[in-house]
DNA sequence: TCAGCATGTAACTGACCGGTACGGTAAATT
DNA sequence: AATTTACCGTACCGGTCAGTTACATGCTGA
């Protein structure tokens, strides 16, 4: 099994790359398989041999989107070792910058769930899988920063993050994404300040 | 021009109502016109006589979604006269409750923009029109509550609001929407507290 | 009684959808 | 040299998409 040293990308790779661009830009439902294989300079049988169905191609695309999300996340974490607050802020900050850049259409994973509400859809599954892990990773960070209610803080930040994704599509380059970093700072500060502003908290427990 | 006292809804109304349910639940792109007219117990010519095209039917549906949003917003405002902070919190609170209710699929306007990224699409236009007005209304409220940076606070709240909409689809009934009210309180508090936490603000100006 | 309007019936168009049967070609293996 | 194996393309399928046509029906008020 010697390696094929061909420098031209295989058909499957070209198809996945092309499908990724089109799916992200126009939405998966709006893009037909004929359009994909034509732009990829390939053919439909190659697509179906490599991916089995359009839905599975969408799932593969979303898996790539997930990997990209984690590489962004991990970069923010690696940039600020042992400083969970700075890690989250770095992530949110970079997120806002990307969202305001031209050509941004938010998060492919989020968009896919909106386009495919059916939980049985393979793309839907992949997307919510990554989002669940994002929620859990955020909780790890908020716990590490000794937030009073780490789950609640993580969820608040998650609202902000998803808000950035979707408002970039609603409002374009002048959208509210620029407010994300400041808002994240305020939320973290409110959850880690010494004197809690409200006193009706069952201490030591973070049930919600 | 006597009124037609018929108690059976006209065909156009049935079509719009049925299309609304289907569009909201499954997404506009996933629903065909045949499916709509069948469930509405009507026919395609009636649909096209009344709405001209599917895209315009989508726009009509979104106009209704916009009206519903404003009725929710106005209800929150009316419930707390002359108290902009309570008005916003009431809106966010009710929003979170609705988003966590079963069968919720977030905001039809937001979803439509995700499904139809093309700014020329009539549905896209209608949706962003309403969202722009929402942003402006939020700014009115944050100005009225004497926030230090009303635009920034309004945008932060908007991120939260859109986050609620979209996370209800990503995480379901146990999603982060429950954290929205508390987060909104924290953001408002941070923007209206007497001593600003950061000192690098050009005073009196709220450029962003 | 008749005109006018709203609605339904039925058939149709052309384009596009996702998906497939089948045959070819070139390199690796023997 | 013969054969396997991996890869790829041509041509086509039935179904569904949005949208249209021509005509029939029934209810409305004048």
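Chains as they are written, first to last, in our numbering: chain A, 1 to 208; chain B, 1001 to 1208.
Using N, Cα and C, we set each Cβ at its ideal position, and we do this for glycine too.
Small disclaimer: the values here were computed from a predicted structure and weren't measured.
Start and end residues, alpha helix (DSSP H) containing residue i
i: residue 192 (chain A); result: 180–192
i: residue 155 (chain A); result: 150–171
i: residue 1113 (chain B); result: 1108–1115
For residue i, the nearest candidate out of the options (CA to CA)
i: residue 86 (chain A); options: A:142, A:26, A:132, A:18; result: A:142
i: residue 23 (chain A); options: B:1115, B:1181, B:1161, B:1043; result: B:1115
i: residue 1167 (chain B); options: A:180, A:170, A:169, A:162; result: A:162
i: residue 154 (chain A); options: A:40, A:61, A:89, A:66; result: A:89
i: residue 1172 (chain B); options: A:184, A:80, A:91, A:132; result: A:132
i: residue 16 (chain A); options: A:169, A:193, A:179, A:51; result: A:51
i: residue 1098 (chain B); options: B:1112, B:1121, B:1118, B:1164; result: B:1164
i: residue 1119 (chain B); options: A:26, A:9, A:13, A:10; result: A:26
i: residue 1057 (chain B); options: B:1012, B:1117, B:1138; result: B:1012
i: residue 1248 (chain B); options: B:1095, B:1186, B:1018; result: This structure does not reach residue 1248 (chain B), given that chain B is present from 1001 up to 1208, and the question cannot be answered.
i: residue 185 (chain A); options: A:84, A:35, A:135; result: A:84
i: residue 1179 (chain B); options: B:1034, B:1055, B:1170, B:1160; result: B:1160
i: residue 177 (chain A); options: B:1158, B:1100, B:1077, B:1183; result: B:1158
i: residue 953 (chain B); options: A:174, A:136, A:181; result: Absent from the structure is residue 953 (chain B), since the part of chain B shown begins at 1001 and ends at 1208.
i: residue 55 (chain A); options: A:33, A:74, A:75, A:72; result: A:33
i: residue 1122 (chain B); options: B:1076, B:1053, B:1156; result: B:1053
Which of helix, strand or coil DSSP assigns to residue i
i: residue 1052 (chain B); result: coil
i: residue 122 (chain A); result: helix
i: residue 1131 (chain B); result: helix
i: residue 17 (chain A); result: helix
i: residue 12 (chain A); result: helix
i: residue 87 (chain A); result: helix
i: residue 1067 (chain B); result: helix
i: residue 103 (chain A); result: coil
i: residue 1039 (chain B); result: helix
i: residue 1082 (chain B); result: coil
i: residue 96 (chain A); result: helix
i: residue 31 (chain A); result: coil
i: residue 140 (chain A); result: helix
i: residue 1075 (chain B); result: helix
i: residue 1146 (chain B); result: coil
Review point. Would you say the stretch 102–114 of chain A touches the stretch 58–75 of chain A, given that touching needs at least three Cβ pairs under 8 Å?
Key: Result yes; three or more Cβ-Cβ pairs closer than 8 Å.
Point to revise | Three-pair Cβ contact test at 8 Å for the stretch 1040–1047 of chain B versus the stretch 1090–1104 of chain B | key: No, they do not touch.
Exercise for review: Please confirm if the stretch 179–195 of chain A is in contact with the stretch 144–159 of chain A, defined as three or more CB-CB distances below 8 Å between the two stretches.
Suggested key: In short, these stretches touch, since the Cβ pair count reaches three.
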